[in-house]
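**Q**
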Amino acid sequence: MPKINIDKKDLFDYLDNQFDTEAFRELCFEFGIELEEDSSEKGELAPGERAELKIDIPANRYDLLCFEGLSRALGVFLRREDTPNYRVVPAKNPYRITVAKECAQVRPLVVGAVLRNVKLNADRYKSFIDLQDKLHANLCSQRELVSIGTHDLDTVQGPFTYEARRPEDIKFVPLNQTELMDGRRVIEFYESDQAIKHFLHIIRESPVYPVVYDAKGRVMSLPPLINSEHSKITLDTRNIFIEITATDLTKVNMVLNIMVTMFSGYCAEPFTVEPVEVVYPDGKTIVYPDLEQREVLTSSAYLNGIVGIKKTDAEIVELLRKMSLDAVVDGSSIRVKLPATRPDILQECDIAEDLAIAYGYNRIPRVQNNEATVGAPLPLNKLADIVRREMALAGWTEALTLSLCAHDENFAFMRRVDAGDEAVVLDNPATAENQICRTLMLPGLLKTVRENREQPIPIKVFEVSDVVFKNPALERGAQNERHACALYASDEARFEVIQGLLDTVMESLNVSH
Amino acid sequence: MSEDLKLTILKRLDSDGLIESTRVAFKDVPEETVLGALKSLESQEKVSYKTLTTEFWTIEPEGKDQLENGSYEARIFAAVPAGSQGVSMKDLEAQFGKVAKLGQGKCMAEKWLKKDGDMLVRLVDSVVDQVKANLEVVNAEGMHPDPSVIKDLKRRKLIKANKILSYAVKKGADFSTELKKQATDLTLEMLQSGAWKSSEFKKFNFDSLGVNAAGGHLHPLMKVREEFRQVFFETGFEEMPTNNFVESSFWNFDALFVPQQHPARKLQDTFFLIDPVHANALPDFWERVKDVHEKGGYGSIGYRYNWSEEEAKTLVLRTHTTAITAHMLHKLAQGPYRPAKYFSIDRVYRNEAVDATHLAEFHQVEGVIADKNMSLGSLIAFLDMFFKKMGMSNLRFKPTYNPYTEPSMEIFSYHEGLGRWLEIGNSGMFRPEMLRSLGLEEGVQVAGFGLSLERPTMFKYSINNIRELVGHKVKLSDIAANPACRLDKKMGREAEQQSAAVNKI
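If you read the protein sequences in the order shown, they are chains A and B. Mapped onto the numbering used here, the consecutive letters of the first sequence carry residue numbers 955 to 1467. Mapped onto the numbering used here, the consecutive letters of the second sequence carry residue numbers 14 to 518.
1. Following the continuous beta strand (DSSP E) through Y355 (chain B), name the residue where it begins and the one where it ends.
2. Would you report the Cα separation of L965 (chain A) and L1292 (chain A), rounded to the nearest angstrom?
3. Just verifying my parser: in three-state terms, what is the DSSP assignment at M422 (chain B)?
4. Kindly indicate which three-state DSSP category A1118 (chain A) falls into: helix, strand or coil?
5. Going by the CB atoms, is the gap between F399 (chain B) and M253 (chain B) shorter than 8 Å?
6. Are there three or more Cβ pairs, one per stretch, closer than 8 Å when the stretch 138-148 of chain B is compared with the stretch 73-87 of chain B?
7. If we cut at 8 Å on Cβ distances, does Y1442 (chain A) have a partner in chain B?
8. Locate the beta strand (DSSP E) running through Q377 (chain B), then write down its first and last residues.
9. For L328 (chain B), is the classification buried or exposed, using 16 other Cβ atoms within 10 angstroms of its Cβ as the cut-off for buried?
10. Going by DSSP, what residue range makes up the alpha helix (DSSP H) through R1252 (chain A)?
11. Hey, could you find the ends of the alpha helix (DSSP H) Q1433 (chain A) is sitting in?
12. Determine whether the Cβ of F395 (chain B) lies closer than 8 Å to any Cβ atom of chain A.
13. In the DSSP assignment, the beta strand (DSSP E) including M1174 (chain A) goes from what residue to what residue?
14. Per DSSP, which residues does M442 (chain B) bridge with? Please list them.
15. If the criterion is Cβ atoms closer than 8 Å, does the pair I1180 (chain A) and L1107 (chain A) meet it?
16. If we cut at 8 Å on Cβ distances, does S391 (chain B) have a partner in chain A?
17. Could you check whether T1327 (chain A) and A346 (chain B) sit closer than 8 Å to each other, using their CB atoms as the reference points?
18. For A1310 (chain A), list the residues DSSP reports as bridge partners.
19. Could you say which of A:Y1016, A:E988, A:G1002 and A:D992 lies nearest to D1010 (chain A) if we only look at CA atoms?
20. Which residues of chain B have a Cβ atom closer than 7 Å to the Cβ of G1259 (chain A), listed in chain order?
21. Taking I1288 (chain A) as part of the alpha helix (DSSP H), name the residues at either end of that continuous run.
22. Does the beta-carbon distance from S1182 (chain A) to F1114 (chain A) come in below 8 Å?
23. Along the beta strand (DSSP E) that carries A1091 (chain A), what are the first and last residues, could you check?
24. Would you say C1439 (chain A) faces chain B, with C-beta separation under 8 Å as the test?
25. Please confirm if M1277 (chain A) has its CB atom under 8 Å from at least one CB of chain B.
26. Suppose the cutoff is 6 Å on Cβ atoms and the five residues either side in sequence are ignored; what does the same chain contact list for E374 (chain B) look like?
27. Where do the N-terminal and C-terminal ends of the beta strand (DSSP E) with P1473 (chain A) fall, by residue?
28. Return yes when the Cβ of E73 (chain B) is within less than 8 Å of the Cβ of K170 (chain B), no when it is not.
29. Mind checking whether C1094 (chain A) and V1214 (chain A) have CB atoms under 8 Å apart?
30. How big is the Cα-Cα spacing for L1203 (chain A) and S426 (chain B)?
31. Which residue's Cα is closest to the Cα of T1252 (chain A): A:I1263, A:S1287, A:D1308 and A:L999?
32. Should D992 (chain A) and K963 (chain A) be called a contact, given that it needs their Cβ atoms to be closer than 8 Å?
33. If you drop the 5 nearest sequence neighbours on each side, which residues of the same chain put their C-beta closer than 6 Å to that of T370 (chain B)?
34. For I1196 (chain A), report the span of its beta strand (DSSP E) as first-last.
35. What residues from the stretch 405-417 of chain B come within 7 Å of chain A, judged by C-beta to C-beta, listed N to C?
36. Would you call the CB atoms of I393 (chain B) and V378 (chain B) closer than 8 Å?
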């Protein structure tokens, strides 16, 4: 689960409520996030140190990954404010990004937007950077699917182009550097950078690297690696240009929408975004962002049925407002308008969960009304349990060993040759102990005896469990087999003892000699 | 020999009336032997005795050194020549080793020496080695009249405390100077010969352990599994056929509406196979699943990405038994609607880091309820009833996220002993994208819930490291000593914590 750090005082001031820790924990519990740690609870804060809340966020809520989004969502949940109306304000001459056809070879997609007349300070700037990091790590799949570039619009000139050029033809000074580098030098330079080295593989082997240029031919960014030094955003930046490159169309729109909805609150006209046109090689022009004006059609019958409550249409509309969802009654249906901050909502059942949260999971009437059914054990398990019980009654002790093992334990150590048609082999095991699935139970019991050498003899252990065999005839290519195994260890091998146990078990299963 | 001792004790009591201290009366006899004789006599009510504890002190090795060679400070003082020149610390260290520093410190404290630059100089002409003298007293007497001396020598770790046990003995209710041989058991021969009529029988010792009842034992985790199974059967669940560890990504992820880009499908979290690599076919409804991922459907916009058939065919070790649940729901959908409840308790695999509480394989408990009337409220009510049977009767629910359920809930139970809420499981209503592509008709809702088997077991039996519960390193004696499982009763740490909590009130 992603975690965010929130300044405690800033949040409580925003919500106009100096919650005590228990009360805030309760609020988080009800809303569906988790307060993991309040740094002021651990002990005295150092002078000048501010209390920080560490909060776990559900993996599908990209709108809660920064202070701006979380505080707003909680503010709406507590009905202190309404969800903003995010809108694109058309521009007379919108900025344009023209996409070169070579980009299709390496990173085909780009989208963009402009945030006008923003007011930044140190906190907002940090939040802006942190959100990009978090989105890169989760939704963008470590920048592979999507990567974000942000620039001071006043340091560059439109129209912009998105091209793919040979690495040696790309020259710029990367962010926070002074050296002029070409594409090859950039790769070499960032091999030793703890953060960026993980992304080099995304473009390194490509004959062309993606690059964003302004009208003067200046490099603005080399996605997905690094922005340029000259277009960088500072605390004095007033107009922000966002360009996001990608290989996944759905995700790139989600990311752009999140970026602009989260930070458009700092624009002089709050919650407005200026559009950017993207012209594709085939001549098609698309205007971004789309700020997803989606709707989900549902009904009180459905929602009440899923949650288990009985609310009227009007009551449901009121409750959904707490979750930043604008709904209207339309005949016997309810039309829910989805804000661009909720790409996690795919259909009605997502609305039902939000309704349940707004109502309060723990306030839902606990009424059981499902039909009675008849239980039954799996016959294989019933049989296995009979064998287990008989072995224990006969005086043997049950072990429970690991089903993954080292190849040698299953073959060489057991004096068996692997013909390659028996065991299922695992990819990239972290330890040698997890190379294959066992096909024998005996090595596990032998290891048990090895680890119990100091116990008094005789040692009598058994196990009834599954082994795994390859089987190309089956859909999954493999199958389990339930095996029973017993081991007697003492200063004498005493075959007759193990034979006696087998006799006992067979008799209990009504199998005669 | 011990019979002699017993007779001696009896005779002494007969002549003296009592024995004030056995340590004095039987100086050369080991204390355990005296105690053994007294216990035996007491069981026949021939004597009664009281335990007397006295303390005495012995010289520790470091004390022995100072007893024989003088205290460190005396030695150091002696090594410093008279006069104002003195001697350097370096020379002392060369001569005495670490004793130099210790001795010098004490000399300074006693004001026998002073520092003059790098040199140590005498402040007095001569000293009395009181420490050595004190040690001599303790060595001879086993104690010292001045308690502050004892305290000081103990602090310096030169002496050690010892206890001597001694006994004051009186005549018992059945006192006599005769020792009759007691029979330790009733035998067939005694019954047949009539000897039992004149035998004296040794009393049973109820404080000792009996003979170990040798037998077999079931594994603790399997006992807890049995408890869960019982509760599932009591509430009408059919056990699912989960005897298939290898699963295709299709059943383990895609059919459950987990997108192919989801981080859980990466090598770090999931065990992929290199032999075999792919399933040899996908089930006949696979295109429905592809569509709902790529384009949406059943009222959903789907994930809108390019779904790969090859990716779906890759084989994994299942990461949850929910893969089997999907199989069962698909099978259920082949016939006319009927309500159904399924469960399983079986192994799943995660390729994550191992630590004290996590292994690469563990057991998952899963329950599934398919019913047209299912809602979040009825799921909560069901969980209340289910967990109540296991002694957890105060449940709370928290919204959470699973790719395949919506709404989803984490289940918390209030633990009185710890005084806080503990997460005991996860649950939710399966998404329509999953249910409808598996073939279930609209209006059939399916709820699921799950938890790990190891976690409540470790909690119930106060086990801190999972290797003490699962795998070949488990001690067989621990399996043998492990109590029966009663999920509805508090055990071990839980019971202690609960009574502690009650006492606090």
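Note that CB positions come from ideal geometry on N, CA and C, so glycine has one too. Keep in mind the model is a prediction, meaning the values are calculated, not measured.
**A** According to the structure data:
1. Counting along the chain, the beta strand (DSSP E) containing Y355 (chain B) begins and ends at A353 to Y362.
2. Each residue's alpha carbon lies about 25 Å from the other.
3. Reduced to three states, the DSSP call for M422 (chain B) is strand.
4. A1118 (chain A): strand per DSSP, three-state reduction.
5. For M253 (chain B) and F399 (chain B), no; Cβs fall outside 8 Å.
6. Because the criterion of three Cβ pairs below 8 Å is met, the stretch 138-148 of chain B and the stretch 73-87 of chain B touch.
7. Any Cβ of chain B closer than 8 Å to the Cβ of Y1442 (chain A) would place that residue at the interface, and such an atom is absent.
8. E374 to D384 is the extent of the beta strand (DSSP E) around Q377 (chain B).
9. Buried.
10. Correcting the residue identity first, residue 1252 (chain A) is Thr in this sequence and not Arg. Run containing T1252 (chain A): none in the alpha helix (DSSP H); it sits in the beta strand (DSSP E), R1248 to T1252.
11. Counting along the chain, Q1433 (chain A) falls outside any alpha helix (DSSP H), though it belongs to the beta strand (DSSP E) covering A1432 to A1443.
12. Judged by the 8 Å Cβ criterion, F395 (chain B) is in contact with chain A.
13. Per DSSP, the continuous beta strand (DSSP E) segment holding M1174 (chain A) begins and ends at V1173 to L1176.
14. DSSP output for M442 (chain B) lists B:A460 as bridge partner(s).
15. No, Cβ-Cβ distance for I1180 (chain A) and L1107 (chain A) is not below 8 Å.
16. Answer yes: the Cβ-Cβ gap between S391 (chain B) and chain A drops below 8 Å somewhere.
17. It is not a contact, given that the beta carbons lie outside the stated cut-off.
18. According to DSSP, A1310 (chain A) shares a beta bridge with no other residue.
19. The shortest C-alpha to C-alpha distance from D1010 (chain A) to any of A:Y1016, A:E988, A:G1002 and A:D992 is the one to A:E988.
20. In chain order, S388 make up the part of chain B whose C-beta sits under 7 Å from the C-beta of G1259 (chain A).
21. For I1288 (chain A), there is no enclosing alpha helix (DSSP H); the residue is part of the beta strand (DSSP E) that begins and ends at S1287 to L1292.
22. No, they are not a contact pair.
23. Per DSSP, A1091 (chain A) belongs to no beta strand (DSSP E); it is in the alpha helix (DSSP H), A1076 to A1091.
24. No, because no Cβ of chain B sits closer than 8 Å to the Cβ of C1439 (chain A).
25. The beta carbon of M1277 (chain A) sits no closer than 8 Å to any beta carbon of chain B.
26. Excluding sequence neighbours, E374 (chain B) sits near R360 and Y362.
27. Nothing in the structure corresponds to residue 1473 (chain A), since chain A is present only between 955 and 1467.
28. With contacts defined as CB atoms closer than 8 Å, K170 (chain B) and E73 (chain B) qualify as a contacting pair.
29. Cβ atoms of C1094 (chain A) and V1214 (chain A): not closer than 8 Å.
30. Roughly 43 Å separates the two Cα atoms.
31. With distances taken between Cα atoms, T1252 (chain A) lies closest to A:S1287.
32. The Cβ-Cβ distance between D992 (chain A) and K963 (chain A) does not fall below 8 Å.
33. Excluding residues within five positions, the ones whose Cβ falls inside 6 Å are I479.
34. Membership of I1196 (chain A) in the beta strand (DSSP E) is indicated by the continuous run I1194 to A1200.
35. Those would be R409, F410, K411, P412, T413 and Y414, in chain order.
36. No, the Cβ-Cβ distance between I393 (chain B) and V378 (chain B) is not below 8 Å.
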